[in-house]
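Right, one structure below, let's go through it.
There are 2 protein chains.
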Amino acid sequence: MEKGGKLFHPGLSLDCVIFGFHDNQLKVLLLKMEHTDHWALPGGFVYKDETLEAAATRVLQERTGINDIFLQQFHVFGDPARSDRKYHSNRLKKLGIEAEKDHWLLNRFITVGFYALVEFSHVTPTPDNTSVACEWQHLHNIGNLFMDHRQILGKALETLRQQLNYQPIGYKLLPDKFTMPELQTLYETILGKKLDRRNFQRRMNSYGILRRLKETRKGGAHKAPYLYSFNLRKYQQALLEGLQGGW
Amino acid sequence: MEKGGKLFHPGLSLDCVIFGFHDNQLKVLLLKMEHTDHWALPGGFVYKDETLEAAATRVLQERTGINDIFLQQFHVFGDPARSDRKYHSNRLKKLGIEAEKDHWLLNRFITVGFYALVEFSHVTPTPDNTSVACEWQHLHNIGNLFMDHRQILGKALETLRQQLNYQPIGYKLLPDKFTMPELQTLYETILGKKLDRRNFQRRMNSYGILRRLKETRKGGAHKAPYLYSFNLRKYQQALLEGLQGGW
DNA sequence: TTTCATTGCGTCGTTATGACACAATGATAA
DNA sequence: TTATCATTGTGTCATAACGACGCAATGAAA
């Protein structure tokens, strides 16, 4: 906190939108802030000799426990008015740090937005030293967000939608074995619209990127759907050209 | 040069890839650097109270003379090794500025890449104070580029390709009146592949975003092609959904 | 006046798409 | 044990879109 000015690249931060999929819902990992009902995206600063990607990877490792994480830079947020200097100066005061006017945290910050795709069950949510909790929240039921984090989240989702045919989004978000309805719900959530069940299945199968397993998912009421897994080699090859047809 | 440290956001720059279309070729506006055969993307720094977009707009205005320019942020380049500190320290020496070790220009810089689309004939190329010339270069015949500018250009082109169905790329790059073969060549250059002339025309017409004029383009050898202009209202409406089918 | 590359418009067979029908499944309730 | 019923697997069908290609019209240059 005191040495940050010497350690970090000045006026630069990053924020991560961490997506997970569970209970047939797209979720985002958020940090609950102290003394308010506000939530924040996991973020951090960039060491002076660190790449942006390394910094993001480090932050993501700390919040999720996952080392090898899929992430993509998607936008820079640089509005001069985006910083909440009052928050930082209050926080410094509480920490007993004399908040000189030119304290490194009180300057303007540009932030680089990253989105990350993780397998929900592999994550161990871990708060950082500015937060009191780290929890998954349903994408469509998110409370008050800090600063411009709502805007950052929105842009991340928009990017996810655009890259659906070019990034291994299903592969990174779903567990090894999943059902066709689960995959479809994921697509529907990201796209924000309903898709026809039968046409979805036909198209997905036509790509040749799925392997249908002998097993079915027992346990739910009604007919047990087959389990699928990705044929990773073919998936990646198909993504190079983009999944044809689009959604 | 001396006061930059106080005026600008520290360790932050931006670089612009300015695309234009002329002589049936996609071109990029570059700056010729002094004393070398290297070229550089037009770039600049961000004032402490300026948005990134405003800074890019300012830079673009200075290099092209155009005020109302179309630009899009596309990527941040943050490799710690990307800066060429030797270049800056030499330059400072030549300018007679004592290059203290902690001179603001000698620190690590993160740069935000913007691409801009301009109507070629509206541009008045103007060098900045670090360059001896400002010229259009053919996209496929570009000389040595400074630092990581080749990589930045590559990423810009990749982004352009991805956004072809979502941004008014034809509208921003072509003059008010243009022929179908010109539009097709633009698409072919961006996509990097040949398209069937007749199918291209059919698809373009089916979008309903073009208005065929009564005039033809006389002067070239062979049959005179019709001139077209964009129906801007319909174009923009179609872009919201993305031009269907893709290329 | 002829030549010829280019342009405008159209054809044709195939494939992809959207909308929908129907039987099979399997946990739950009767 | 049997009936129920939402859900799943598979298929059909008419239409639209697509890729490949043919051919006549044009207009500057030979």
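In order, the protein sequence lines correspond to chains S and L. Going by my numbering, the first residue of the first sequence is number 692, and it counts up by one from there. Going by my numbering, the first residue of the second sequence is number 692, and it counts up by one from there. Ideal placement from N, C-alpha and C gives every residue a C-beta, glycine not left out.
| Check | Outcome |
| --- | --- |
| Chain L contact for Pro-859 (chain S) (CB, 8 Å cutoff) | no |
| Sequence-distant residues of its chain with Cβ nearer than 7 Å to Tyr-898 (chain S) (five each side left out) | Ala-929, Leu-934 |
| DSSP beta-bridge partners of Gly-734 (chain L) | L:Asp-706 |
| Element boundaries [alpha helix (DSSP H), containing Leu-877 (chain S)] | 871-882 |
| CB contact flag (Glu-873 (chain L), Leu-865 (chain L), <8 Å) | yes |
| Cβ contact check for the stretch 712-724 of chain L and the stretch 915-931 of chain S: 3 or more pairs under 8 Å | no |
| Check whether Val-708 (chain L) and Val-719 (chain L) have beta carbons under 8 Å apart | yes |
| beta-carbon Gly-696 (chain S) near the ligand NAD non-hydrogen atom, thresh 7 Å | Only the bare structure without any ligand can be found here, which leaves the ligand NAD out of the picture. |
| At least three beta-carbon pairs within less than 8 Å, the stretch 850-867 of chain L to the stretch 758-773 of chain L | yes |
| Residues near Lys-696 (chain S) by beta carbon distance below 8 Å, same chain, minus five either side | Inspection of the sequence shows that residue 696 (chain S) is occupied by Gly rather than by Lys. Excluding residues within five positions, the ones whose Cβ falls inside 8 Å are His-794, Trp-795. |
| Residue from S:Lys-863, S:Pro-916, S:Arg-902, S:Gly-734 with nearest C-alpha to Asn-820 (chain S) | S:Gly-734 |
| Short CB-CB distance (under 8 Å) between Leu-796 (chain S) and chain L | no |
| Bridge-paired residues (DSSP) for Gln-853 (chain L) | Answer is none; Gln-853 (chain L) lacks a bridge partner. |
| Sequence-distant residues of its chain with Cβ nearer than 6 Å to Arg-776 (chain S) (five each side left out) | Leu-797 |
| Which of helix, strand or coil DSSP assigns to Phe-712 (chain L) | strand |
| Simplified DSSP state of Ala-807 (chain L), which is helix, strand or coil | strand |
| Sheet register partners of Val-719 (chain L) (DSSP bridge) | L:Phe-710, L:Gln-828 |
| Ala-772 (chain S) versus Asn-781 (chain S): straight-line alpha-carbon distance, rounded | 18 Å |
| Residue(s) in a DSSP beta bridge with Arg-776 (chain S) | Partner(s): none; Arg-776 (chain S) has no beta bridge. |
| Boundaries (first-last residue) of the alpha helix (DSSP H) holding Arg-889 (chain S) | 888-898 |
| Assumed close pair Asp-706 (chain S), Leu-732 (chain S) - CB separation to whole angstroms, cut-off 8 Å | 4 Å |
| Chain S contacts made by the stretch 703-722 of chain L, where a contact means CB separation under 8 Å | Leu-703 |
| Gly-804 (chain S), buried or exposed, once every other Cβ within 10 Å from all chains shown has been counted against 16 | buried |
| CB of Arg-903 (chain L) within 8 Å of CB of Pro-916 (chain L), strictly | no |
| Minimum Cβ-Cβ distance from Glu-753 (chain S) to chain L less than 8 Å | no |
| Burial state of Ser-774 (chain S) (16 or more Cβ within 10 Å) | buried |
| Between the CA atoms of Arg-888 (chain S) and Gln-875 (chain S) - distance to the nearest angstrom | 8 Å |
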